[in-house]
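*Asks:* Provided herewith is a single structure, encoded as structure tokens, for subsequent inquiry.
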Amino acid sequence: MKRVKSYLLSIFLGGLLGGLVHLIFHGITEVYLARKMADDPTFFLNKLSYLDLVWLHHFVYGVDAALWILVGMILGIIFIKKGLINLKRSK
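If you read the sequence shown in this note's numbering, its first letter stands for residue 2, the second for the next number, and so on.
As structure tokens, then:
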């Protein structure tokens, strides 16, 4: 049971770490896109309709978030298996 708890905790913490990386990535790209559109407001609208842009934005960032969270979970499991994270409590 302790092993299961340690795996679940590792997956949870890895998922949180992956989510944090996603938020940082999302923020950086939002600033880039905002600056790009400030220079040329028709940058995206010439290529896509506004609705297409909204759906594309949510799809790309949703997939990105899922991938980063999955990577974080897998790294958490690998760290426990390699012994890099020791979740046993010392008495």
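We treat Cβ as the ideally placed atom computed from N, Cα and C, and that holds for glycine.
Determine whether the beta carbon atoms of Gly73 and Leu10 lie at a separation below 8 angstroms.
*Replies:* Against a cut-off of 8 angstroms, the Cβ pair of Leu10 and Gly73 comes out as no contact.
*Asks:* Classify Thr30 as helix, strand or coil using the three-state DSSP reduction.
*Replies:* DSSP places Thr30 in helix when its eight states are reduced to three.
*Asks:* Curious, which full-length alpha helix (DSSP H) runs of at least 4 residues does the stretch 55-81 contain?
*Replies:* DSSP runs (the alpha helix (DSSP H)) wholly in the stretch 55-81: none.
*Asks:* For Leu13 and Leu76, what's the separation of their Cα atoms in angstroms?
*Replies:* Residue 13 is actually Phe in this sequence, not Leu. Taking the straight line joining both Cα atoms gives about 11 angstroms.
*Asks:* Run the CB neighbour count on Ile70, radius 10 Å, all protein chains shown included, and call it buried at 16 or more, exposed below.
*Replies:* When all chains shown are included, Ile70 counts as buried.
*Asks:* With DSSP as the reference, label Asp40 as helix, strand or coil.
*Replies:* DSSP places Asp40 in helix when its eight states are reduced to three.
*Asks:* Does His23 pass the burial test, meaning 16 or more other C-beta atoms within 10 Å, or should it be called exposed?
*Replies:* His23 is buried by the Cβ-count criterion.
*Asks:* If you reduce the DSSP assignment to three classes, tell me which class Gly84 lands in.
*Replies:* Three-state DSSP puts Gly84 in coil, outside helix and strand.
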